[in-house]
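> Under mature numbering (1 follows the signal peptide of the UniProt record, and there is no 0), read the sequence shown as residues -17 to -1, 1 to 625, first letter to last.
Sharing a structure here in structure tokens format.
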Amino acid sequence: MLRPAFLLSAFAALSRAAKPAAGDPCAAVAGQAFVHPADALACLKSFPFNETLRQNVLTNNIARVFDFFTFEDYYLDSPPPFQESTTNIRADLARINKTSYATDYDFNWDLYLFATQLNDGHTRWFPDCYTSYQNLLPAPIVSLEIDGVQGVYITPDLVDFVSLLGTGLTDLITIDWQRLAGAKVVSIEGQDPYTYVEHIANTVSGNYLDVGVRVNSVFSSYRLVANTYSQRFGDLAGPTGVAQNSLTFKLIVANSTKVETITIPYIASFVGLPFTDRDSYWANNCVAVDGTNGVDFKGSAASSRTKSRKQPKGDIVDKSSSNAVGLPPQFQPTLPTVGGDEGVILSYILPENKTGVMFIGSFEGDFGGFQTDVVSAIDAFQEAGVTNLIIDLTNNGGGFVCLGQFLHQYLAGSNFGYPGFQSSARANPLARKIVASDIELGLNFDFSFYTADNWAFFNGTEMPADYNYMTPDVPIVINGKQDATSQRFHDTCELSFEVPIPETPPFDLKNVAIVSNGNCASTCAMFSTLMFERHQTKIAIFGGKPGQDIQYKGMAGNQVLEWFDISSEIKTANLQDDPLAPQDLLVSGDFRHNWRTAWSFLDEKLPIAYVSELPQLRFPYTLGTYNNPEKLWLFAEEKFFA
Ligand SMILES: *[C@@H]1O[C@H](CO)[C@@H](O)[C@H](O)[C@H]1NC(C)=O
Ligand SMILES: *[C@@H]1O[C@H](CO)[C@@H](O)[C@H](O)[C@H]1NC(C)=O
Ligand SMILES: *[C@@H]1O[C@H](CO)[C@@H](O)[C@H](O)[C@H]1NC(C)=O
Ligand SMILES: *[C@@H]1O[C@H](CO)[C@@H](O)[C@H](O)[C@H]1NC(C)=O
Ligand SMILES: *[C@@H]1O[C@H](CO)[C@@H](O)[C@H](O)[C@H]1NC(C)=O
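Below is the structure:
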């Protein structure tokens, strides 16, 4: 999170030096942290369409990576309530392959939108050349219940919040934006505000299969990143890219009754790498670099690899949060923290000394530090005689698969047994070749996620590295299409637990509850699904559109592989020249995909991603609880435990 600050100072230096070359739209925006979106777009659109690059990205890379995507065939007819994600992925690729595009941007942005609208945060195309700006509207919105009625409002803390971005941004805003704080929104772009919010959820948000969860992602909300409270702009006010210049609202400002129409401009915030003109923009932001494509881990890199396991990850990339903006101080908890703070968890004891709160911002960061933070928080709760536990998972984007299982195991006790799901990978022909080749090369988990010693049999015994769990494969039929998976297996997370696990639950599991806004992705979704499916843990979801369901979990794939990861798997298995192998990208970008499926305990034929699981409790945000974690926890304490 240091990068934006570093960049800002780099810009300040650059903007003094740069002399825009006439007719170079990139030189015109170079060195500026904030610009008008149309000016940024002129730079992005200055690179002509290039068929070589399209075939490199689409045909030789993405179409072949899709062979590994576990959910491909589910998209042909996505089961309700996720039906609006239905699409024929191969037909979409064929369409993008045939469309005439004027610019390289137009091609990449079409591909970006197609992948985003699969609504799977694990399966996305990020072309670095064109995700280098984030549009910011000085009017983030929230859904609040006021006097018993839910409505959409411009965030009441607008002035404090937007001012945190500095005058570089606010000086460019040509309207009197401060007076919009707390305004009631009557319409956006001529539509009912909740209808427009759902439109954004379906066209901009991505990441989450459930539309209700995506709706919450459109609103502004609090989160905890790198031990610091911050506030998301939300997908209406802070989308990736510069697709729009302004939005027209009808609204009633605070303390007025008059409806007025106001057009609010977006300002584009630069989050890419510094440049001075068109050529250096392309060179610094668009061309493949070290780390774009994978490496053969058997080479020199392998000798320096540690002997610890590669840790599988399940997370989303929230590009629209590249701009970390602090949560205004009046919303930050006033209670002292208890336990450790190695990076992603802050813990508190509520004033009655009955309820402990762990705000788990993600499952990323320091792998061991997460575990010691959990131990020290729970020790502190027990010393204080706390008997209830609230876990806040708001805007938790996931992280290490094994930290989700660790938290579940710690709360359920080691006597509970295996803390994870049954899992499998897709058994496409190249995947089967990789496993066979890894075995022949004598590789193990030091080199590859594909080798069997990453996994265990259902009886808990670690699979030997030379066990071939892809052959024979397991045929399955999804939406009438024949496919094949590997044999199912368990994770081996307990081998990476660094602290002793209590044999029995530290708290009566009936007294453990979860709060969130449903934006709980991947490892976070798997953790909450384990708590719900195995222990019927009570979950309260806040926000959303009135009258519309919202799932408690956002996106429950399993393990994600970045393009770098699957590319390294292929190269390490000596299969780079196989005709089925995706080829190195010429551009800087990442096509990531959901590589493993987690299967539900409630219906072992269904991936948990496709099991509809609604929270037992649902609350709107209010002027008291929106943006205010401590007030929200006090409210939840009463609802859960009174
Ligand atoms: C298209 O891109 C390729 C790969 O970067 C490059 O070699 C080629 O010169 C480009 N073609 C044109 C017409 O710019
Ligand atoms: C795209 O079109 C080219 C040229 O017709 C073809 O070789 C390639 O296989 C197509 N790729 C996809 C993904 O459809
Ligand atoms: C609206 O009125 C309330 C109560 O009089 C006041 O506290 C608040 O500052 C006013 N808000 C605005 C935006 O003028
Ligand atoms: C909670 O515990 C703290 C620390 O022991 C103590 O100071 C405080 O009075 C307690 N509060 C209640 C309501 O018992
Ligand atoms: C666990 O299952 C595997 C595969 O069926 C078997 O080879 C192994 O011996 C079993 N281990 C134990 C401890 O039962």
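Ideal Cβ placement from N, Cα and C applies to all residues, glycine included.
Take residue 420 and list the residues in its own chain whose beta-carbon comes closer than 7 Å to its own, dropping the five residues that flank it on each side.
Stepping through the sequence shown from its first residue, residue 420 is reached at position 437. So the qualifying residues of the chain are 556, 557, 558.
> Comparing the CB of residue 33 with every heavy atom of ligand 2, is any distance shorter than 7 Å?
Sequence index remark: in the sequence shown, residue 33 carries index 50 (1-based). Residue 33 has its Cβ no nearer than 7 Å to any heavy atom of ligand 2.
> What do you reckon, are the CB atoms on residue 322 and residue 347 nearer than 8 Å?
Indexing the sequence shown from 1 puts residue 322 at position 339. Indexing the sequence shown from 1 puts residue 347 at position 364. The answer is no: Cβ separation not under 8 Å.
> Could you say which of 572, 583, 580, 581 lies nearest to residue 272 if we only look at CA atoms?
Against the sequence shown, residue 272 aligns to sequence position 289. The shortest Cα separation from residue 272 among 572, 583, 580, 581 belongs to 572.
> Beta carbon of residue 621: closer than 7 Å to some heavy atom of ligand 4?
Here residue 621 refers to the residue found at position 638 of the sequence shown. Within the chosen limit of 7 Å, ligand 4 does not reach the beta carbon of residue 621 with any heavy atom.
> Apart from the five residues on each side of it in sequence, which residues of its chain come closer than 6 Å, Cβ to Cβ, to residue 388?
The count along the sequence shown starts at 1 and reaches residue 388 at position 405. Take residue 388, set aside five residues on each side of it, and the residues of its chain with a beta-carbon closer than 6 Å to its own are 402, 403, 476, in chain order.
> Can you find a heavy atom of ligand 5 that lies under 7 Å from the Cβ of residue 512?
Taking the sequence shown and counting its residues from 1, the one referred to as residue 512 is at position 529. Checking the Cβ of residue 512 against ligand 5 gives no.
> Once you ignore the five residues that flank residue 50 on each side, which residues in its own chain have a CB closer than 6 Å to its CB?
Residue numbering aside, residue 50 sits at position 67 when the sequence shown is read from its first letter. Same-chain partners within the cutoff: 411.
> Helix, strand or coil: which one does DSSP assign to residue 132?
In the sequence shown, counting from the first residue as 1, residue 132 sits at position 149. Residue state, collapsed to three classes: strand.
> Return helix, strand or coil for residue 439, following the three-state DSSP convention.
Position 456 of the sequence shown, counting from 1, holds the residue named residue 439. Three-state DSSP puts residue 439 in a strand.
> Do residue 511 and residue 597 count as a contact pair if the criterion is CB distance below 8 Å?
To locate residue 597, count along the sequence shown from 1; it is residue 614. To locate residue 511, count along the sequence shown from 1; it is residue 528. Result no, Cβ atoms of residue 597 and residue 511 do not sit closer than 8 Å.
> From the DSSP output, in three-state form, read off residue 31 for me.
Counted from its first residue, the sequence shown places residue 31 at position 48. Of the three classes helix, strand and coil, the one that applies to residue 31 here is strand, per DSSP.
> Could you check the C-alpha separation between residue 615 and residue 481 for me, to the nearest Å?
Along the sequence shown, one-based indexing puts residue 615 at 632. Along the sequence shown, one-based indexing puts residue 481 at 498. Approximately 32 Å between the Cα atoms of the pair.
> Taking the alpha carbon of residue 112 as the point to measure from, which residue in 30, 70, 105, 164 has its own alpha carbon closest?
As a working note, residue 112 is residue 129 in the sequence shown. That would be 30, whose Cα lies nearest to the Cα of residue 112.
> Using 7 Å as the cut-off, classify the Cβ of residue 451 as near or not near the heavy atoms of ligand 5, replying yes or no.
In the sequence shown, counting from the first residue as 1, residue 451 sits at position 468. Flag unset: Cβ of residue 451 not near ligand 5.
> What's the gap between the Cα of residue 122 and the Cα of residue 163?
Sequence index remark: in the sequence shown, residue 122 carries index 139 (1-based). Sequence index remark: in the sequence shown, residue 163 carries index 180 (1-based). Per the coordinates, the alpha-carbon of residue 122 lies some 7 Å from the alpha-carbon of residue 163.
> For ligand 4, is there any heavy atom lying closer than 7 Å to the beta carbon of residue 581?
Translated into positions along the sequence shown, residue 581 becomes position 598. Checking the Cβ of residue 581 against ligand 4 gives no.
> Thinking residue 201 and residue 217 are a contact (beta carbons under 8 Å), I'd like their distance in whole angstroms, please.
The sequence position of residue 201 within the sequence shown is 218, counting from 1. The sequence position of residue 217 within the sequence shown is 234, counting from 1. Rounded, the Cβ-Cβ distance is 5 Å, consistent with contact.
> Please check the pair residue 247 and residue 158, which I expect to be a contact at CB under 8 Å, by giving their CB distance rounded to whole angstroms.
On the sequence shown, position 264 is the one that residue 247 refers to. On the sequence shown, position 175 is the one that residue 158 refers to. Indeed they touch by this definition, with Cβ atoms about 7 Å apart.
> Quick one: does the C-beta of residue 442 sit closer than 7 Å to a heavy atom of ligand 5?
Residue numbering aside, residue 442 sits at position 459 when the sequence shown is read from its first letter. Within the cutoff, so yes.
> Excluding sequence positions up to five away, which residues of its chain have a Cβ less than 6 Å from the Cβ of residue 290?
As a working note, residue 290 is residue 307 in the sequence shown. For residue 290, the predicted structure reports a pLDDT of 49, less than 50, and the residue's modelled location is therefore unreliable. A value from the coordinates is still provided. Contacts found: none.
> Runs of 4 residues minimum, wholly inside the region 11 to 56: which ones carry the alpha helix (DSSP H) assignment?
20 to 27, 34 to 37
> Just to check my reading of the structure: residue 578 and residue 519 have Cβ atoms closer than 8 Å, yes? What is that Cβ distance to the nearest angstrom?
Reading the sequence shown from its first residue, position 595 is the one you call residue 578. Reading the sequence shown from its first residue, position 536 is the one you call residue 519. About 30 Å separates the two Cβ atoms, so there is no contact after all.
> At which residue ranges does the region 505 to 530 contain complete alpha helix (DSSP H) runs of 4 or more residues, listed in the order of the chain?
506 to 518
> Can you give the Cα-Cα distance for residue 194 and residue 380, rounded to whole angstroms?
Along the sequence shown, one-based indexing puts residue 194 at 211. Along the sequence shown, one-based indexing puts residue 380 at 397. Going from the Cα of residue 194 to the Cα of residue 380 covers about 17 Å.
> From this set, 440, 612, 450, 430, which residue's C-alpha is nearest residue 550's C-alpha?
Counted from its first residue, the sequence shown places residue 550 at position 567. Taking only the C-alpha atoms, the option nearest residue 550 is 430.
> Go to residue 198, then tell me how far its alpha helix (DSSP H) extends in each direction, as first and last residue.
Reading the sequence shown from its first residue, position 215 is the one you call residue 198. From DSSP, the alpha helix (DSSP H) with residue 198 extends over 194 to 201.
> With DSSP run on the structure shown, which of helix, strand or coil describes residue 93?
Position 110 of the sequence shown, counted from the start, is the residue given in the question as residue 93. In this structure, residue 93 counts as helix in the three-state DSSP scheme.
> Sort out for me which residues DSSP pairs residue 551 with in a bridge.
Along the sequence shown, read from residue 1 onward, the residue named residue 551 stands at position 568. The partner list for residue 551 (beta bridge, DSSP) is empty, contrary to what the question assumes.
> Tell me which residues pass a beta-carbon proximity test against ligand 4: closer than 7 Å to any heavy atom, given in chain order.
Near ligand 4, meaning a beta-carbon closer than 7 Å to one of its heavy atoms, we find 334, 335, 336, 367.
> If contacts are defined as beta-carbon pairs under 8 Å, then residue 48 and residue 576 qualify, I think. What distance do you get, rounded to the angstrom?
On the sequence shown, residue 48 is found 65 positions in, with the first residue counted as 1. On the sequence shown, residue 576 is found 593 positions in, with the first residue counted as 1. 6 Å between Cβ atoms; contact.
> Between the C-alpha atoms of residue 36 and residue 116, what's the straight-line distance to the nearest angstrom?
Reading the sequence shown from its first residue, position 53 is the one you call residue 36. Reading the sequence shown from its first residue, position 133 is the one you call residue 116. If I take the Cα positions, the gap works out to 22 Å.
> Using alpha carbons as the reference points, say which of 492, 311, 506, 234 lies closest to residue 344.
Counted from its first residue, the sequence shown places residue 344 at position 361. Of all alpha-carbon atoms in 492, 311, 506, 234, the one lying nearest the alpha-carbon of residue 344 is that of 506.
> Starting from residue 467, follow its DSSP beta bridges and name the residues at the other end.
Along the sequence shown, one-based indexing puts residue 467 at 484. Answer is 458.
> Spatial neighbours of residue -10 within its chain, please: C-beta separation below 7 Å, excluding the five flanking residues on both sides.
Mapped onto the sequence shown, residue -10 falls at position 8. Confidence in residue -10 is poor, its pLDDT being 37 and thus under 50, which makes the residue's placement unreliable; the coordinate value appears in the next sentence. Counting only Cβ-Cβ distances below 7 Å, and skipping sequence neighbours, we find 16.
> Alpha carbon to alpha carbon, how far is residue 308 from residue 208? Give it in angstroms, no decimals.
Sequence index remark: in the sequence shown, residue 208 carries index 225 (1-based). Sequence index remark: in the sequence shown, residue 308 carries index 325 (1-based). Looking at the two C-alpha atoms, the distance is approximately 10 Å.
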